[in-house]
Amino acid sequence: MPSKEIESAKSDQLTDLASLVQHGENIEAVACAEKLLDNSCPVEDIISALSEGLAILRNKCTVENFQLLDVLLASRAMVEVVDECISRKLQMDMDQIADAFERTNSGAPVKTLVIGTIQGDVHDLGKHIVATLCRFNSVKVINLGKDVPVDTFVNTAIRENADYIGVSSLMTVCLAKIKDIKPELIRRGYGYIKVVGGGSAVQQSSMESLNLDFVAHDAFDGLDYICKRQNP
Amino acid sequence: MNSTERIRSVVHFQRTDRPALVPEIIAVAATMAGETVRDYVTSGQLIAQCQINARDTIGSDALFAISDLCVEAEALGCDLAYPEMNYPYVVKTLIKKPEDLRKIKIPDPDRDGRMPELLRAVRLLKDETKGATPVIANAIGPITLASRIMDIEQMLYMIVDEPEKFGEVMEFCLSVVTKFAVALVNAGADGIIMFDPTASPSVLPAKIFNRFEVEPIRSVFAAVKSARQDIFTWYSVAGPVQTNLDILTAVGADITTVDYLVPIETAIQHSVYTVINGNIKPNLFLEGSECEILEESKALLAAARNTERFILGSGCEIPLNSNPENIIAMRKAVEEEMETFEYINRCEGHGNEVTILPHRKKVYVQAGTTVLDAAKTAGITITTYCNLTGSCGECVVCVDNYEMDDPDKIEEIQLRNRGGYPGERLACQARVSDGMEVYVPHSSRMYPAGQCDISAALYHRSINDKISRFGFSPGILSKPLELSEMPPPNSLKKWLLEKVEGYQTGTAALDKLLSLSQESGERVFMVMDTSKKEIIDFSRSDKIYGVAIDIGATTISAYIHDLQTGDLKHAASIQNPKVTEDFGELARDSKQLALLQKRFFDGINNLILWFHNNHSMVSDQVYSLVITTDRLTAPALGIHRNSAPGSVWSTTTAQSMPRGVRLAASSSCRINTPHRNSSFPGGSAMAGVIGSGLFDGEMIDVFVNVGDRGEVFVGNRERILYVPTIGGTVFESLRISKDSVFQGGLIQNIAISPDGSLTIETLGGTAPFGMCGSSIVSVLAQLYSNGIIDRQGSFIYSKNQLQLSNGVFTLAPKQKTAMYRPITVTSADIEQALRAKAAYRAAVSVLMDKLGAKPKDIGSICVSGGFGILIDMDAARRIDMIPDYDTAKYSFVRAASSVGGRMALLSSAARDEMDRVAAILEKIDLARDNGYAQLLQKLQPIP
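Protein chains in written order, with my numbering: chain U, 51 to 282; chain B, 309 to 1251.
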């Protein structure tokens, strides 16, 4: 095949990959990525195709009608492409993949996010989606899981030199604990670490009353805040 | 009224002495009493004690014998953690794959986990209140239970990757929930509330909810209702239910709780048969003040003044540790509401006096009440199928000589399409005026089953004229048989066949007769198939029903008729599963086909069972079914073609349905479906032809069926030509929001003033939701006459056209829509619509040419749309979608295929007529017709 045709076939496949990710077709997406790698397509191109797929999906989501399942399935497809295909095939470890993400995302400085569901709450599906989305936007994510005490948030953030703490809650009764994070950071001299809240309970309250720097109305909203904000 | 009477009245949409109040007080009852949550959720005794205490403090109208949402999961073997001051939660899930379920037993409510404690709570509360306050118990939503026993993320993946396997999990969860729910009812619960947080539209897309959760919920509710008839069912779901209104309509709960994300007016407006309970932001109980709650509650009560279907509540569980004063504020709001002028005016002697004729019932209602609500207050239910949006046109009443507001555009079109008789109004749209008399014709009334005493000559109005052409002969008859005369079993058949000369009968029917004769009672009823001359069943009741089902491209609609009187009992529609589940054009392999088949019949059963559950009809009394659908779908129903020569009708019985299909009807139910070879336009289209009432004279008639195949028929009683056009596909697919085929908020008309400002009219007058295919007709006409598009459909840009930019015309910006998404018309939409209208118009021209017909030969031109579609005939003529002739008669028939199907259900002569028409039909192939292609081009611009 002349090289021009190969190039155009490749670009078709990248478009396919974006569309497969958007539709959450994990198995087909992995197969498509494998084919691309076999044709020595650069990792960066694949990653930007993944991001493109997600970008299309995000345009379908509104704050009032967030397509949780669609986003979850797209994230799964992306994770599988990266973890099952790229890292296995090219034998890249997590750091190398993170570097590739960074290169693809035009070299913006990597930020660190410590994320978890507040103590007393075990709903972590939404938080999990945010963590995945952040990872694909070159944010280093330390996922503390669910039922996380205030001290663990603060200690981890300080230890990891984090830029952000992401805290979620679906239970109104747990909101009181969220209020303690920021004052504790300030008390220990780390007031510059921004605390971002999310989840249906947090959204009922306000930044001021929860001592938060930002209340995210959905996963993309939180992602925007973390990625677009200038570093202090 | 005590609280039980009050809640029961509301559930029956009847007036109460004061607004009902039920905030969701669960374990906040413990924190109010200074108890720990852990002690509360583990002791039935403490639940009862704290609930009584909370009721006495707050003055709520219900008691909740409920601990938390992990009871079922724990009884199944999940490990829970019990925090002292929070609800227990699952620490270890139970299953990874459905096979794991095989080792797990359905819990015994008397023994396993904390189930016995909850039964105890119900009994204690029941003893304590002596029936004065209803005791509500919880049956968890089946899908929420699934998300407790397995990881929710894994569950969502299973739904998508292996839906059949997930079906197994759901079946299991359903058994668990049903068994416990029935035990709670038997322990004395007055109501069953189903908390179903996982089913929230924030988590589950409508498609999945409708496929996996609707039927299980209905099944739990049906089980508790059959355990005790007077139980009331209650569904509580969180999140923006306006994105899936089936939650309000298809689930079929007596009461539905919606949370603060749903404007209460939206919930009330989009539901017809359920009481709405709600809704205050939960966090306000923690962080807000007494005053804020008071104001919020007052606003809710004021918004719900026009309906009896409202219970003030929290919409979500009241958070633990909430300040009791904040909850008491809700009761204060109720007290203040009763002091308001508007509330007092609801009572007799105040407000507007309205007399409902011919019953001469007088009611007093507040100004601004709809005629429909006024009639309902008088205990007279007026037929309506369109969620009060004005789109079904069934609720016609006569209101001569009273000063009223003029009808809005939609009502006006509806009334004009009906013939524009003076004094007619739509009861759902017209507002009362003081002293008025409203005549409610029989045809607009919905009668509860068993209350009909009207002769068979009076049929439902919209098909009255047409069906009287064929007479009333449904082919199924019920006749009494005195048991005292019955001989011994061995001579039974002989005796019977002597009694009913010329008839046959089978052993199944005879067995039924024998078993009925052994019960007490003096007589039974024979059910007879008069066309086949067969006694098909025996029954205790003389009731016989028939259902006309039309499976359209987007909607399945069902009309239930009383076969003794011909009266319409109920009509409802659901989405075609082909649309919701992406079956594609049609399922290809046999497994998919079987699934699709099951979905079709599940849908049909749903529609029948809705009536079964809500009225005193029994699905076993359904003895006749007419199913119409398109040519491609008919084979998917699994009904084999067995029509007699010269007939389009294939007939089968419920007994001989394909494997795996069970019909919610008597096993001897007759199923008739028009079904024929490839030149046949399909049963729906045929029924449409009959339903249009055309083609019975010498004049040439034109019938345009805006359905999925978009057929155009031109002809007279001798010869009818038809073509399928691309028009149907375009109109049906255009802008129809797949999640909302038939509900309020669809844009019907727009008006543009010279300064460029835009007014849009929607069905029901609610915030716009989307645009239906047919409204593009009005929109096109408006855009053209206001100079926004030219004849070719291209946008004309001008300075004061703010809504227009880059080939997109914004009808409603996202801030103004119900979905928070802008509603737009693009140049591509306009081009498509112009192509569609040209397709119809060109087809009419070509067919007229082939028949040698001139404009003066045209008698009637009729357009029909689907269940919720309304086409403005004037606009359709203006944009030349149909020919504009001065001498022709124009009419619009809503869902002509359903009308035809109902006629076939009620009259064997109508079925014969369909055979006659089928014989004179000729399909014209336009694919190779050059003239047609050129005509399409030529007719595309607006004249």
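All residues carry an ideal CB built from backbone N, CA and C; glycine is no exception.
Item to check | Under the three-state DSSP convention, the category residue 873 of chain B falls into | outcome: Along the second sequence, one-based indexing puts residue 873 of chain B at 565. Residue state, collapsed to three classes: coil.
Item to check | Nearest candidate by alpha-carbon position, reference residue 968 of chain B, set B/909, B/932 and B/1000 | outcome: Position 660 of the second sequence, counted from the first residue, corresponds to residue 968 of chain B. Looking only at B/909, B/932 and B/1000, the smallest Cα-Cα distance to residue 968 of chain B is reached by B/909.
Item to check | For residue 150 of chain U and residue 418 of chain B, the rounded distance between their alpha carbons | outcome: One-based indexing of the second sequence puts residue 418 of chain B at position 110. One-based indexing of the first sequence puts residue 150 of chain U at position 100. The alpha-carbon atoms of residue 418 of chain B and residue 150 of chain U are separated by roughly 59 Å.
Checklist entry - When DSSP labels each residue in this structure, what does residue 202 of chain U get in the three-state scheme? => result One-based indexing of the first sequence puts residue 202 of chain U at position 152. Of the three classes helix, strand and coil, the one that applies to residue 202 of chain U here is helix, per DSSP.
Next on the checklist: So residue 381 of chain B and residue 453 of chain B are supposed to be a Cβ contact under 8 Å. How far apart are they, rounded?
Outcome noted: The residue you call residue 381 of chain B lines up with position 73 of the second sequence. The residue you call residue 453 of chain B lines up with position 145 of the second sequence. Yes, residue 381 of chain B and residue 453 of chain B are in contact; Cβ-Cβ is about 7 Å, under 8 Å.
Checklist entry - To the nearest whole angstrom, what separates the beta carbons of residue 1010 of chain B and residue 1232 of chain B, a pair I think is in contact under 8 Å? => result Residue 1010 of chain B sits at position 702 when you count from the first residue of the second sequence. Residue 1232 of chain B sits at position 924 when you count from the first residue of the second sequence. No, residue 1010 of chain B and residue 1232 of chain B are not in contact; Cβ-Cβ is about 14 Å, not under 8 Å.
Checklist entry - When the Cα of residue 227 of chain U is compared with those of U/136, U/75, U/241 and U/198, which residue comes out closest? => result Reading the first sequence from its first residue, position 177 is the one you call residue 227 of chain U. That would be U/198, whose Cα lies nearest to the Cα of residue 227 of chain U.
Next on the checklist: I need the boundaries of the beta strand (DSSP E) containing residue 248 of chain U, first residue and last residue.
Outcome noted: Taking the first residue of the first sequence as position 1, residue 248 of chain U is located at position 198. Element bounds for residue 248 of chain U: 244-248.
Item to check | Closer than 7 Å at the beta carbon, the chain U residues around residue 394 of chain B | outcome: Stepping through the second sequence from its first residue, residue 394 of chain B is reached at position 86. Against chain U, the beta carbon of residue 394 of chain B has neighbours under 7 Å at 170 and 223, listed in chain order.
Next on the checklist: Assess contact between the stretch 270-277 of chain U and the stretch 183-198 of chain U, defined as three or more Cβ pairs (one per stretch) separated by less than 8 Å. Is contact present?
Outcome noted: Yes: at least three Cβ pairs fall under 8 Å.
Item to check | Given residue 1055 of chain B as reference, the closest of B/1019, B/1120, B/1032 and B/1029 once Cα atoms are compared | outcome: In the second sequence, residue 1055 of chain B corresponds to position 747, counting from 1. Minimum Cα distance to residue 1055 of chain B is reached at B/1120.
Checklist entry - Cβ atoms of residue 686 of chain B and residue 712 of chain B: under 8 Å apart, would you say? => result Translated into positions along the second sequence, residue 712 of chain B becomes position 404. Translated into positions along the second sequence, residue 686 of chain B becomes position 378. No, Cβ-Cβ distance for residue 712 of chain B and residue 686 of chain B is not below 8 Å.
Checklist entry - Counting only beta-carbon atoms, is residue 280 of chain U nearer than 8 Å to chain B? => result Numbered from its first residue, the first sequence carries residue 280 of chain U at position 230. Bear in mind that a pLDDT of 43 at residue 280 of chain U, under 50, signals an unreliable position, so the model cannot answer this.
Checklist entry - Are any of the Cβ atoms in chain U nearer than 8 Å to that of residue 253 of chain B? => result Outside the shown range of chain B (309 to 1251) lies residue 253 of chain B, about which nothing can therefore be said.
Checklist entry - So which residues of chain B does residue 319 of chain U contact, with C-beta pairs closer than 8 Å? => result It is not possible to answer for residue 319 of chain U, since the shown part of chain U is limited to 51 through 282.
Item to check | Spatial distance of residue 533 of chain B from residue 496 of chain B (CA atoms) | outcome: Locating residue 533 of chain B in the second sequence gives position 225, counting from the first residue. Locating residue 496 of chain B in the second sequence gives position 188, counting from the first residue. Distance between the alpha carbons of residue 533 of chain B and residue 496 of chain B: 13 Å.
Checklist entry - Between the beta-carbon of residue 930 of chain B and the beta-carbon of residue 912 of chain B, is there less than 8 Å? => result Taking the second sequence and counting its residues from 1, the one referred to as residue 930 of chain B is at position 622. Taking the second sequence and counting its residues from 1, the one referred to as residue 912 of chain B is at position 604. The answer is no: Cβ separation not under 8 Å.
Checklist entry - DSSP beta-bridge partners for residue 747 of chain B? => result On the second sequence, residue 747 of chain B is found 439 positions in, with the first residue counted as 1. Looking at the DSSP assignment, residue 747 of chain B forms a beta bridge with B/665 and B/706.
Item to check | residue 834 of chain B - containing beta strand (DSSP E), residue span | outcome: Translated into positions along the second sequence, residue 834 of chain B becomes position 526. Residue 834 of chain B -> beta strand (DSSP E) spans 831-837.
Checklist entry - Helix, strand or coil: which one does DSSP assign to residue 1046 of chain B? => result As a first step, residue 1046 of chain B is located in the second sequence; it is residue number 738 there, counting from the start. Unreliable placement is indicated for residue 1046 of chain B, whose pLDDT of 35 sits below 50; the coordinate value is still reported in the next sentence. It is coil, neither helix nor strand.
Next on the checklist: Which of the three DSSP states is assigned to residue 621 of chain B in this structure?
Outcome noted: Working through the second sequence from its first residue, we reach residue 621 of chain B at position 313. Correct three-state label for residue 621 of chain B: coil.
Next on the checklist: Can you list, in chain order, the residues of its chain with a C-beta nearer than 8 Å to that of residue 96 of chain U? Leave out the 5 residues immediately preceding and following it.
Outcome noted: The residue you call residue 96 of chain U lines up with position 46 of the first sequence. These residues qualify, in order along the chain: 64, 67, 83, 86, 87, 131 and 136.
Item to check | Residues near residue 344 of chain B by beta carbon distance below 8 Å, same chain, minus five either side | outcome: Residue mapping note: residue 344 of chain B aligns to position 36 of the second sequence, counting from 1. Closer than 8 Å at Cβ, skipping near neighbours: 338, 392 and 393.
Checklist entry - When burial is assigned at 16 or more other CB atoms within 10 Å of the CB, is residue 1273 of chain B buried or exposed? => result Only positions 309 to 1251 of chain B appear in this structure, which leaves residue 1273 of chain B out of reach.
Checklist entry - Would residue 1240 of chain B be called buried (16 or more neighbouring beta carbons within 10 Å of its own) or exposed? => result Taking the first residue of the second sequence as 1, we reach residue 1240 of chain B at position 932. With 16 or more Cβ atoms within 10 Å of its Cβ, residue 1240 of chain B is classed as buried.
Item to check | Positions along the stretch 444-458 of chain B whose CB lies within less than 7 Å of some CB in chain U | outcome: none
Next on the checklist: Check for me: the alpha helix (DSSP H) holding residue 590 of chain B runs from which residue to which?
Outcome noted: What you label residue 590 of chain B is simply residue 282 of the second sequence in a count that begins at 1. Unbroken alpha helix (DSSP H) run through residue 590 of chain B: 590-595.
Checklist entry - From this set, B/1068, B/1105, B/1099 and B/1076, which residue's C-alpha is nearest residue 1087 of chain B's C-alpha? => result In the second sequence, residue 1087 of chain B corresponds to position 779, counting from 1. Selected option, being the one with the closest Cα: B/1068.
Item to check | Where residue 72 of chain U meets chain B, residues with beta-carbon distance less than 9 Å | outcome: Mapped onto the first sequence, residue 72 of chain U falls at position 22. What residue 72 of chain U touches in chain B: nothing, since even the nearest Cβ is about 14 Å away.
Next on the checklist: Any beta carbon from chain U within less than 8 Å of residue 397 of chain B's own beta carbon?
Outcome noted: Locating residue 397 of chain B in the second sequence gives position 89, counting from the first residue. Chain U contact via Cβ: present.
Item to check | Under 9 Å by beta carbon: chain B residues contacting residue 116 of chain U | outcome: Taking the first residue of the first sequence as 1, we reach residue 116 of chain U at position 66. Result: 510.
Item to check | Whether residue 567 of chain B touches residue 583 of chain B by CB criterion (8 Å) | outcome: Working through the second sequence from its first residue, we reach residue 567 of chain B at position 259. Working through the second sequence from its first residue, we reach residue 583 of chain B at position 275. For residue 567 of chain B and residue 583 of chain B, no; Cβs fall outside 8 Å.
Checklist entry - Would residue 371 of chain B pass as a contact of residue 443 of chain B if the rule is Cβ separation under 8 Å? => result Against the second sequence, residue 371 of chain B aligns to sequence position 63. Against the second sequence, residue 443 of chain B aligns to sequence position 135. In this structure, residue 443 of chain B lies closer than 8 Å to residue 371 of chain B by Cβ.
Checklist entry - Quick one: any contact between the stretch 983-1000 of chain B and the stretch 863-879 of chain B, if contact means 3 or more CB pairs under 8 Å? => result no
Item to check | Cα-Cα separation, residue 324 of chain B to residue 676 of chain B | outcome: For this step, residue 324 of chain B is matched to residue 16 along the second sequence. For this step, residue 676 of chain B is matched to residue 368 along the second sequence. If you take the alpha carbons of residue 324 of chain B and residue 676 of chain B, they lie about 20 Å apart.
Item to check | C-beta atoms of residue 982 of chain B and residue 957 of chain B nearer than 8 Å | outcome: Counting from one through the second sequence, the residue named residue 982 of chain B turns up at place 674. Counting from one through the second sequence, the residue named residue 957 of chain B turns up at place 649. Result yes, Cβ atoms of residue 982 of chain B and residue 957 of chain B sit closer than 8 Å.
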